[in-house]
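Chains A and B supply the protein sequences, listed in that same order.
FYI, the numbering for the first sequence is 74 to 318, going by the working numbering.
FYI, the numbering for the second sequence is 74 to 318, going by the working numbering.
Yeah, the Cβ is synthetic: ideal placement off N, Cα and C, and Gly gets one too.
Report on the structure given below.
There are 2 protein chains.
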Amino acid sequence: MNHPYDIDATRLPDISTFEGSLAQRVYQSIKQAILALDFPPGANLRKAPICAQLGVSRAPVADAITRLAAEGLVDVVPQSGTRVSYFSMDEIREGAFLREALELATVAKVARDLTEDQRKKLSRNVRLQELLIEDEDIAGFYHADEEFHALLMAFTGMLRLPDVAQTVSLQVSRARMLLLPTPGRIAETLAEHRAIFDAISAHDERAAQDAMRHHLGQLMPRIERLQQERPQLFNLNPQNTREAG
Amino acid sequence: MNHPYDIDATRLPDISTFEGSLAQRVYQSIKQAILALDFPPGANLRKAPICAQLGVSRAPVADAITRLAAEGLVDVVPQSGTRVSYFSMDEIREGAFLREALELATVAKVARDLTEDQRKKLSRNVRLQELLIEDEDIAGFYHADEEFHALLMAFTGMLRLPDVAQTVSLQVSRARMLLLPTPGRIAETLAEHRAIFDAISAHDERAAQDAMRHHLGQLMPRIERLQQERPQLFNLNPQNTREAG
DNA sequence: ACTATCATACTAACATGCTAGTTGACAACA
DNA sequence: TGTTGTCAACTAGCATGTTAGTATGATAGT
């Protein structure tokens, strides 16, 4: 009933880019296309063109789609078809909530247990962020930003934590792709990162959590503005179904 | 090198117990057998007996195993076999950490937004717990305990939260099956639940979090004692591999 | 013109055959 | 007896044929 347009399979990254089994590589290829919005919300995810483009049979593609459905990136309609899921403010809000829960637990633990070596690595990352802003390297700053949060999670010693955090906030990451980074926002982000870093360095759990909460709190209002501007990407009529594990 | 004994497929719950696609039902059947320790850690998960027992072909079974591997309940060795994963203190600790992060965020939000209707439902659950203890209905109390936490998560309005919380702490749930509930521990648990309930009713975020943290903190020491008693269930030599999403 | 009915062309789900790689046992040998 | 090489049996991964259910568009009826 909505936009039954098909995906453009040629936008799939080649599977030789990735490693692992065929199914694993197909999964990563499709996932990247969805997260980069090369496969827009609502698009029909047809198996045949994907098989043709990637040069594989239907089995690994079906396997990949099963995993994507479990993560909520696609909606499978039995015996009918598979579509890239629309944005849903409910799901995005939930992803942000889960993400915040994990980030707060992370900074608390890191503020408690920070070693001198870890402090140096964080400090280096923050100073790198300064440099990249001076050079107006937006993409570089985006990458350093991701690394800042990844470092914190790595310091907890929890191996699966980065993966879990990424999975629960997939919808948030996808929506974030649509937000244009302005110089003003980037400068603010740096200041927020620095506040987090300072609180952690001082081993001040509570201050670190407050700083992180403030930092993460900047995102949702911007996404909500996005919904006003591009409502066609969102599912206003929530006919989505999701199975329980 | 370890115990290459096979699973006893007859312990699989019949798939007519569940609903959804064949693959979905096979997944739930195997998952239940693993969590109930009917399939013990290290056991060889052979496809053929599973297909025979459940009366399905290999396709839905393979699909189910893919999902179980993603959740870390089984370890797939390519071109060799699939085994039920051993307990790992690292993974259990991580699961407890993630679970605590989510539960703390949950009680904070619920303490903030609690409605009178929700308060009544919680109160009813706590009083039910009292009754079940009086009747010495251990299984009933276990169930009410689960429901207590499920209610809190439901009250946040986050639809996926219960599922995420369950998934990240699957290993903890499995290990918990081995802990024998003593009357003393059950009485303590009730007191802890009541403390959480009181703090939430008073809309005291911090007290609710402290109470929840104390409550969840009781579990890990008991599991660590378990490791001393039954080390054969744990992977002392961590040769586990897990792919990143 | 507008609606109800039905046939056709799609799809996911499932079954099954094939391939290649790992493992473990056994034999040949030191 | 201890070690190494070979082989057979088993596995997951992959390809492909089959089935059944859904949606769409043509057609017939009003």
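Chain-ordered chain A contacts of residue i [CB-CB under 7 Å]
i	result
residue 136 of chain B	139
Residue span of the beta strand (DSSP E) that contains residue i, given as start and end
i	result
residue 148 of chain A	147–150
residue 156 of chain B	154–157
Reduced DSSP secondary structure (H/G/I, E/B, other) of residue i
i	result
residue 188 of chain B	coil
residue 198 of chain A	helix
residue 271 of chain A	helix
residue 307 of chain B	strand
residue 218 of chain A	helix
residue 91 of chain A	coil
residue 163 of chain A	helix
residue 210 of chain B	coil
residue 75 of chain A	With a pLDDT of 38 at residue 75 of chain A, under the threshold of 50, the modelled position of this residue cannot be trusted; read the value that follows with caution. Residue 75 of chain A: coil per DSSP, three-state reduction.
residue 318 of chain B	Summary for residue 318 of chain B: the model assigns pLDDT 28, below 50, so the residue's position carries little reliability; its value from the coordinates is reported in the next sentence. Note: residue 318 of chain B maps to coil in three-state DSSP.
Enclosing alpha helix (DSSP H) for residue i [first to last residue]
i	result
residue 144 of chain A	131–144
residue 283 of chain B	278–289
residue 109 of chain B	That residue, residue 109 of chain B, is in no alpha helix (DSSP H); it is neither H nor E in DSSP.
residue 84 of chain A	Neither: residue 84 of chain A is in no alpha helix (DSSP H) and is coded neither H nor E.
residue 240 of chain B	234–241
residue 293 of chain A	292–302
residue 121 of chain A	120–127
Contact set between residue i and chain A, taken where Cβ atoms lie within less than 9 Å
i	result
residue 175 of chain B	171, 174, 175, 178
Contacts that residue i makes with chain A (C-beta to C-beta distance below 8 Å)
i	result
residue 143 of chain B	140, 143
residue 167 of chain B	231, 232, 233, 234
Per-residue contacts from residue i into chain B (C-beta, under 7 Å)
i	result
residue 209 of chain A	Simply none; closest approach about 32 Å.
Any non-hydrogen atom of the ligand SAM closer than 6 Å to residue i Cβ
i	result
residue 83 of chain B	The ligand content of the structure shown is nil, which means the ligand SAM is not present either.
Residues, ordered as in the chain, of the stretch 230–241 of chain B that lie near chain A by beta-carbon distance below 9 Å:
230, 231, 232, 233, 234, 235, 236, 237, 239, 240, 241
When you compare the stretch 177–186 of chain B with the stretch 258–267 of chain B, are there three or more beta-carbon pairs, one atom per stretch, that lie closer than 8 Å?
no
Would you say the stretch 157–169 of chain B touches the stretch 231–249 of chain B, given that touching needs at least three Cβ pairs under 8 Å?
yes
Stretch pair the stretch 111–126 of chain B + the stretch 250–260 of chain B: three plus CB contacts closer than 8 Å:
no
The stretch 268–283 of chain B touching the stretch 169–181 of chain B, judged by at least three CB pairs closer than 8 Å:
yes
How do the stretch 135–150 of chain A and the stretch 128–148 of chain B stand: do at least 3 beta-carbon pairs fall below 8 Å, yes or no?
Touching, per the Cβ criterion.
On the three-pair Cβ rule with 8 Å, is the stretch 226–237 of chain A touching the stretch 204–218 of chain A?
no
So does the stretch 205–212 of chain A actually touch the stretch 145–154 of chain B, counting three or more Cβ pairs closer than 8 Å?
Contact fails: fewer than three Cβ-Cβ distances are below 8 Å.
The stretch 75–91 of chain B in contact with the stretch 292–305 of chain A per 3-pair CB rule at 8 Å:
no
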